[in-house]
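The structure under discussion appears below in the form of structure tokens.
Protein chains: 2
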Amino acid sequence: MAKRVKLLDVAKAAGVSQGTASNAFGKPDLVRPEVRERIFDAARELGYRGPHVMARMLRTGKAGALGVVFPDNLEYAFSDPVAIELLRGIGRECAHHGVNVMIISAENPEQAITAVNNAAVDAFLVHCYSDNNDIIKAIQRRNQPLISIDTDIAGAAGTVVLDDFAAAKNAAQHLLDCGASKFAILSLQATEHDHFGPMSPNRLGAASHRVVRERLAGYHTALEAAGIAASDVVHIECDNQSGHSAKMTTELLADHPEIDGILAMSDVIAIGAIDAARAIGRKMPGDLKVIGFDGIQAGERTDPPLTTMHQDSVEKGRLAAEMALSGEPGKTIMLETSLLLRGSSQESSA
Amino acid sequence: MAKRVKLLDVAKAAGVSQGTASNAFGKPDLVRPEVRERIFDAARELGYRGPHVMARMLRTGKAGALGVVFPDNLEYAFSDPVAIELLRGIGRECAHHGVNVMIISAENPEQAITAVNNAAVDAFLVHCYSDNNDIIKAIQRRNQPLISIDTDIAGAAGTVVLDDFAAAKNAAQHLLDCGASKFAILSLQATEHDHFGPMSPNRLGAASHRVVRERLAGYHTALEAAGIAASDVVHIECDNQSGHSAKMTTELLADHPEIDGILAMSDVIAIGAIDAARAIGRKMPGDLKVIGFDGIQAGERTDPPLTTMHQDSVEKGRLAAEMALSGEPGKTIMLETSLLLRGSSQESSA
DNA sequence: CTGAAAGCGCTTACAG
DNA sequence: CTGAAAGCGCTTACAG
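Heads up: the sequence lines are chains A and B, in that order. Per full-length UniProt numbering, the first sequence starts with residue 1, numbered consecutively. Per full-length UniProt numbering, the second sequence starts with residue 1, numbered consecutively.
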């Protein structure tokens, strides 16, 4: 293995100083064209591979990359359609700024902390549900800008969230308008600890995930205005996988056949619910109305197609990346959702 | 802005040498516990943030990250279900090794070269269709291990591909067995230059993408064995998006109503084909048989569900990452596919 | 187990 | 526009 050719070798061969050679690569305008060419020729001849990335990073302090962390669901992030849309938006904005995207990968929370500490990035984007998390503390210790997505983190350089309360309120109102009167809520996990199935009032009150808290409040607000107490609503906590929510829904509808309105906190969950309800012969939307949350593509292909509260996850990711890259003071952006009407809540007019 | 606390400051405060302080963080076993604690205390007191990542990288030459490059479809990679599965496998293996995943992001090929040069990574994983590419040259100039996925790159440290020939041959054979006799092939792009619609014999012969070349050869081999010449098969080049392939299929079936077998090079393309065929009233599988390629989840929800050649893209990505991280000599892995039988090729027995 | 020293390869003030 | 020098912050032989 030959010794690596470095800038000084090139400079010597070209008969210039190291500084000038550096400029030829990094700031070509500062070097006279003929000298620049001489330097490039020397580089080619010696087999110089261009400035060493890590050395430049150390010197300039810039990593040229944004770190993306999914503390709640590390492996899972690459399966959730919504996370992928987020990543697409992040990737788009990073590409625009000529910055790479570093996905912090780990098998468990402890490893994630190491992974965060080993990542050469200029800022972190954190997608998580809960603000109380060792991984977040590890990031904050690094003292780099942190943009939080979908939850509030104290001291974040920026925050992008949804108006989850309004979205959930509108979702419940829509099912009320469609005539539903006996409700079940299929909730996302309320805390980091796995817990599936019926939610006790205790558990309902203990939701540490901002998204869950806000959406529950929104659903309840609309229902209570229609005279339906939260205690009369069946709450089921689901894993965010259609297979799992299908199982939960089968049990739900066996125990509570009177349910005629299902409020699902994600489309993935809603899709499982529709599958399960159809399998046991429930007619939708006549017999049972379902509304999801997110607006993923797969919702177009359920039977019936899924009515949902649509959010623009791509834009959410893009905005977060933009905040991270702009270096502006920390602000909070709250995005709106819109009702995406399909067949699972009312007969299509088509 | 206070000056950054560095290791030497901590060492002085703890009354040890810089080397010992370094060991306390990086190789704790080499430092006596009581000394170690003294160092950690000093670090805490001074607000030391832990060893500087970039400095360590420069010194050790290890980046602790794997670069992933999609030269053909930079933004598109986060939309294609198959690319996402690949990424999931890569992420899984990287997490296992405590290595982060760096996605090289760029808006155009030129930017991609810069992005490659700015990426602090230990090796590159390249997913591409064609081996002749400026981005690949840029990577090779960096002289780091390069694992190529889905195509052969000369000098790669490793290669992971599918047995595309056998897969396509089996796909065509299956439709023959189901009774199809008039075929159309919906092909992926054959070269990097956009070209959609009917393929001339010229274009067929010029396919620079390995995947397209192999699959065409496989389809043709099976069809020719059944007495069907390649020149009697309609070839259409599609963008890998269901909306686009749907349009192409509508035209195809208008021009060639006799077609009763569609061989699609991806499930995404096949899904569009099924949608289009159903929209104009073609009965599947009775009237028209369709087989896809990949085995993505969305294929379960078409009407009828999509028969396809299933590949394990997650494993493909995982294997590629494993090769990159093992540092073993370059070898080639060829993965098999399997027929995934659903309703688009024959009546289900259910 | 500990300390003193070298050096990873570059970029950037600074002086000309 | 060019050159000489400092230093980014660390880890790792090396000698004890």
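Think of the CB as a built atom: it goes at the ideal place given N, C-alpha and C, for glycine as much as any other residue.
- Between S187 (chain A) and L216 (chain A), the beta carbon gap of about 7 Å places them in contact (Cβ cut-off 8 Å).
- Taking CB atoms only, Q111 (chain B) has a neighbour in chain A less than 8 Å away.
- Residue-level contact check: C128 (chain B) does not touch chain A, since none of the beta carbons of chain A fall below 8 Å from its beta carbon.
- Assigned with DSSP and collapsed to three states, I291 (chain B) falls in strand.
- The secondary-structure analysis by DSSP pairs M265 (chain B) with nothing; it has no beta-bridge partner.
- In the three-state reduction of the DSSP assignment, L341 (chain A) falls in the coil class, being assigned neither a helical nor a strand state.
- Cβ-Cβ separation between D312 (chain B) and R278 (chain B): approximately 29 Å, too far for a contact (criterion under 8 Å).
- Taking C-alpha positions only, P145 (chain A) is separated from V116 (chain A) by approximately 13 Å.
- In the DSSP annotation of this structure, F70 (chain B) is not part of any alpha helix (DSSP H), being labelled neither H nor E.
- Residue B:L46 holds the alpha-carbon nearest to the alpha-carbon of V10 (chain B) among B:R4, B:D134, B:L46, B:K27.
- Under a 10 Å Cβ-count criterion, G91 (chain A) is classified as buried, with 16 or more other Cβ atoms of the shown protein chains found around its own Cβ.
- Considering only B:R4, B:S266, B:T337, B:A321, the residue with the shortest C-alpha distance to L306 (chain B) is B:S266.
- For G197 (chain A), the pairing in a beta bridge is given by DSSP as A:E237.
- Under the three-state reduction of DSSP, L74 (chain A) is assigned to coil, being neither helix nor strand.
- Listed along chain B are M54, M57, L58, G61, A63, A120, each with a C-beta nearer than 8 Å to that of M54 (chain A).
- Rounded to the nearest whole angstrom, the C-alpha separation of L341 (chain B) and L176 (chain B) is 14 Å.
- Annotation for I90 (chain A): the continuous alpha helix (DSSP H) segment containing it runs 81-97.
- Rounded to the nearest whole angstrom, the C-alpha separation of A42 (chain B) and L7 (chain B) is 10 Å.
- With contact defined as three or more Cβ pairs closer than 8 Å, the stretch 195-212 of chain B and the stretch 118-133 of chain B are in contact.
- Contact check between the stretch 79-93 of chain B and the stretch 307-326 of chain B: three or more CB pairs, one atom from each, fall below 8 Å, which counts as touching.
- Between the stretch 222-236 of chain A and the stretch 168-183 of chain A there are three or more C-beta pairs closer than 8 Å, enough to call the two in contact.
- Secondary structure of V31 (chain A) (DSSP, three-state): coil.
- About 16 Å separates the beta carbons of A138 (chain A) and I103 (chain A), which is beyond the 8 Å limit, so they are not a contact pair.
- Cβ contact annotation for E336 (chain A) (same chain, cutoff 6 Å, sequence separation greater than five): D163, in chain order.
- Contact with chain B is absent for A246 (chain A), since none of that chain's Cβ atoms lies less than 8 Å from the residue's Cβ.
- Proximity of C238 (chain A) to chain B, defined by a Cβ-Cβ separation below 8 Å, is not satisfied.
- Among the CB atoms of chain A, one or more fall inside 8 Å of the CB of M102 (chain B).
- Listed along chain B are Q297, A298, R301, each with a C-beta nearer than 9 Å to that of A298 (chain A).
- One thing to note: A120 (chain A) has its Cβ no nearer than 8 Å to the Cβ of M199 (chain A).
- The secondary-structure analysis by DSSP pairs G158 (chain A) across a beta bridge with A:I147.
- Leaving aside the five residues that flank S345 (chain A) on each side, the residues in its chain whose CB is nearer than 8 Å to its CB run, in chain order, H174, L175, C178, P285, K289, V290, I291, T307.
- Residue-level contact by beta carbon fails for E45 (chain A) and chain B, as no gap is shorter than 8 Å.
- Using a Cβ-Cβ cut-off of 8 Å, F78 (chain B) counts as an interface residue toward chain A, since at least one Cβ of chain A sits closer than that to its own.
- R142 (chain B) belongs to the set of residues whose beta carbon lies under 8 Å from a beta carbon in chain A.
- In this structure, the beta-carbon distance from A154 (chain A) to I147 (chain A) does not fall below 8 Å.
- Contacts with chain B at 8 Å (Cβ-Cβ) do not include T308 (chain A).
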